[in-house]
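First residue of the sequence shown? That's 353 in my numbering, and the numbers climb one at a time after it. Read through the structure below, which is laid out as structure tokens, and then see the notes.
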Amino acid sequence: MTDRTTDPHEAVDLYLAAGGGGDPVGTTITAAALAGATARTPGTPGPRTPGTPGARTLVATYAWERPEVDPTPGPLGAAHFTGPAPEDRAYGGTLLLTPESRPVPPAGSTLPRLAADLPARLLLLDPCQGLAAMAAQIRRLADAVGARHVRIVDMGGDILAHGDEDTLCSPLVDALAVAACTLADVDATVYVAGPGTDGEIPQHVLLDRLADARHHTPTARDADTAATALAWHPSEASALFAAAVHGARGTVRTADRLIPLTDASARVYALGLDEALALNTVARHLLDARPDTLDEAADLSARLTGIHELERERRAPADPPGLPVASPGPRHTAEEAMALIRERAPEAAHATYRFAARTLGLDWHHIPALRTLLDADGPLLTLS
Numbered sequence: 353m354t355d356r357t358t359d360p361h362e363a364v365d366l367y368l369a370a371g372g373g374g375d376p377v378g379t380t381i382t383a384a385a386l387a388g389a390t391a392r393t394p395g396t397p398g399p400r401t402p403g404t405p406g407a408r409t410l411v412a413t414y415a416w417e418r419p420e421v422d423p424t425p426g427p428l429g430a431a432h433f434t435g436p437a438p439e440d441r442a443y444g445g446t447l448l449l450t451p452e453s454r455p456v457p458p459a460g461s462t463l464p465r466l467a468a469d470l471p472a473r474l475l476l477l478d479p480c481q482g483l484a485a486m487a488a489q490i491r492r493l494a495d496a497v498g499a500r501h502v503r504i505v506d507m508g509g510d511i512l513a514h515g516d517e518d519t520l521c522s523p524l525v526d527a528l529a530v531a532a533c534t535l536a537d538v539d540a541t542v543y544v545a546g547p548g549t550d551g552e553i554p555q556h557v558l559l560d561r562l563a564d565a566r567h568h569t570p571t572a573r574d575a576d577t578a579a580t581a582l583a584w585h586p587s588e589a590s591a592l593f594a595a596a597v598h599g600a601r602g603t604v605r606t607a608d609r610l611i612p613l614t615d616a617s618a619r620v621y622a623l624g625l626d627e628a629l630a631l632n633t634v635a636r637h638l639l640d641a642r643p644d645t646l647d648e649a650a651d652l653s654a655r656l657t658g659i660h661e662l663e664r665e666r667r668a669p670a671d672p673p674g675l676p677v678a679s680p681g682p683r684h685t686a687e688e689a690m691a692l693i694r695e696r697a698p699e700a701a702h703a704t705y706r707f708a709a710r711t712l713g714l715d716w717h718h719i720p721a722l723r724t725l726l727d728a729d730g731p732l733l734t735l736s
């Protein structure tokens with residue numbers, strides 16, 4: 353396997369958003385930062401505009417989202433979407449997601465709207481048929497688009513999980529990405545964007561594991577490439593990353609925990625695929641076992657970590673605790689809303705809009721209305 357941590361200039365930039373959920377948002381910011389770094393490198397051929405992804409940036413991503421977005425357990429495959437599938441053969445059989453794509457009910461997905469709001473083409477990564485099938489999909493996709501290099505981006509850093517971290521929640525998808533790219537024998541770099549912003553591994557632990565890794569620091573202009581999506585998307589890790597890039601520091605209250613924003617939260621760390629594999633216990637075992645189905649992969653991950661992501665979603669209630677089935681929108685004045693949010697987050701300098709919405713008895717669909725009510729702009733709600 354060939355592996356390098358320097359980024360070649362190439363006509364097609366193929367990114368893999370390793371964590372599902374809102375990772376395509378943070379991946380777009382990362383793509384803009386790396387494109388800007390390429391544009392600023394003397395002697396680099398071809399025009400690039402700093403602060404924008406390359407003109408042919410492709411982001412392959414899982415359709416695996418939190419239950420409040422998609423009440424069905426596990427990731428969605430191509431059969432779970434309707435709508436046009438333009439240029440399917442151009443992507444080696446991988447489904448291109450467009451604004452016209454629709455999940456088949458009762459499934460839900462934010463990816464069609466992200467396809468409209470992000471300056472990149474989104475492609476559906478499908479782990480449902482097991483590790484070898486996912487590796488073959490990645491290999492076909494890279495060959496079809498002529499990508500000489502794959503950039504694997506993980507928001508927060510659980511792609512470097514040993515598996516025994518107390519706060520770890522979702523090790524499987526990241527491990528599958530590392531194992532599948534290794535099995536596909538693609539030339540790849542792993543990027544950790546905003547270490548610690550997903551709350552799964554403490555930042556200081558990640559920085560120890562990234563001690564020898566080089567890093568990029570995106571600009572505010574890079575972060576603004578995802579501003580339209582962040583105005584409505586419930587992703588918290590990508591929002592924390594974007595806010596840190598814009599200069600936010602201090603403690604943030606998310607839906608589940610408190611997370612500190614530091615200078616390191618605004619960085620993108622790069623390491624080789626082999627290095628990530630050496631750190632990721634589940635990925636190494638997946639490579640040894642070569643599971644034929646996603647269930648087998650999830651069972652293996654559960655034996656190693658005690659976390660069974662499929663069973664957790666299968667057992668989850670249809671509506672998460674404290675979340676209204678159908679809320680009509682904000683019922684508070686701006687002053688009442690801010691007072692309640694501050695009361696529920698006394699230690700925090702900032703809060704995510706997902707946390708703020710839940711505090712007010714709203715769901716994520718009401719984030720734009722909540723922003724309007726509070727006259728709030730930017731990735732996070734400032735409390736102090």
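Quick reminder that beta carbons are idealized off the backbone N, C-alpha and C, glycines included.
- M507 is bridged by DSSP to A545.
- Rounded to whole angstroms, the separation of the alpha carbons of T724 and S653 is 42 angstroms.
- Ranked by Cα distance from C521, the options H660, L366, D422 and L692 are led by H660.
- In its chain, beyond the 5 residues on either side, A536 and V538 have a beta carbon closer than 7 angstroms to the beta carbon of R491.
- Classified as exposed, E699 has fewer than 16 neighbouring CB atoms from the shown chains inside 10 Å of its CB.
- Around the Cβ of V544, a 10 Å sphere holds 16 or more other Cβ atoms; the residue is buried.
- A616 is not a Cβ neighbour of H702, given a cutoff of 8 angstroms.
- I693 carries a helical assignment under DSSP once its states are collapsed to helix, strand and coil.
- Straight through space, the alpha carbons of L474 and L410 are spaced by roughly 6 angstroms.
- In this structure, A385 is the residue among A385, A415, T580 and A369 with its C-alpha nearest to the C-alpha of T571.
- Residue range A579 to L582 is occupied by the alpha helix (DSSP H) that includes A579.
- Sequence-distant Cβ neighbours of G460 in its own chain, meaning closer than 6 angstroms and more than five residues away, are V421 and D422.
- With respect to the 8 angstroms criterion, L524 and A412 are not classified as neighbours on the basis of their beta carbons.
- CA-CA distance, A579 to R642, rounds to 39 angstroms.
- When DSSP states are grouped into helix, strand and coil, T603 belongs to the strand group.
- With distances taken between CA atoms, V597 lies nearest to I381 out of I381, D375, A485 and Y367.
- Between L483 and T446, the gap from beta carbon to beta carbon reaches 8 angstroms or more.
- About 7 angstroms separates the Cβ atoms of P682 and H718, confirming a contact at the 8 angstroms cut-off.
- In the three-state DSSP reduction, P464 falls in the helix class (H, G or I).
- Taking every protein chain shown into account, the CB of G599 has fewer than 16 other CB atoms within 10 angstroms, so this residue is exposed.
- Counting only residues of its own chain and dropping the five nearest sequence neighbours on each side, A686 has a CB closer than 6 angstroms to the CB of L725 and L726.
- Excluding the 5 residues flanking it on each side, A487 has same chain C-beta neighbours closer than 7 angstroms at A532, L535 and A536, in chain order.
- The Cβ-Cβ distance between Y367 and V557 does not fall below 8 angstroms.
- Looking at the DSSP output, Y414 sits in a beta bridge with L477.
- DSSP, read as helix, strand or coil, puts R566 in strand.
- With 16 or more neighbouring CB atoms inside 10 Å of its own CB, D375 falls in the buried class.
- Contact annotation, A387 with I511: C-beta distance approximately 22 angstroms; criterion of less than 8 angstroms not satisfied.
- Inclusion of R605 and L613 in the CB contact set at 8 angstroms is not warranted, their separation being larger than that value.
- If you draw a straight line from the Cα of P720 to the Cα of A583, it is about 6 angstroms long.
- Of the residues assessed, D518 falls on the exposed side of the cut-off, its CB having fewer than 16 other CB atoms within 10 angstroms.
- Annotation for V364: no alpha helix (DSSP H) segment contains it, and DSSP assigns it neither H nor E.
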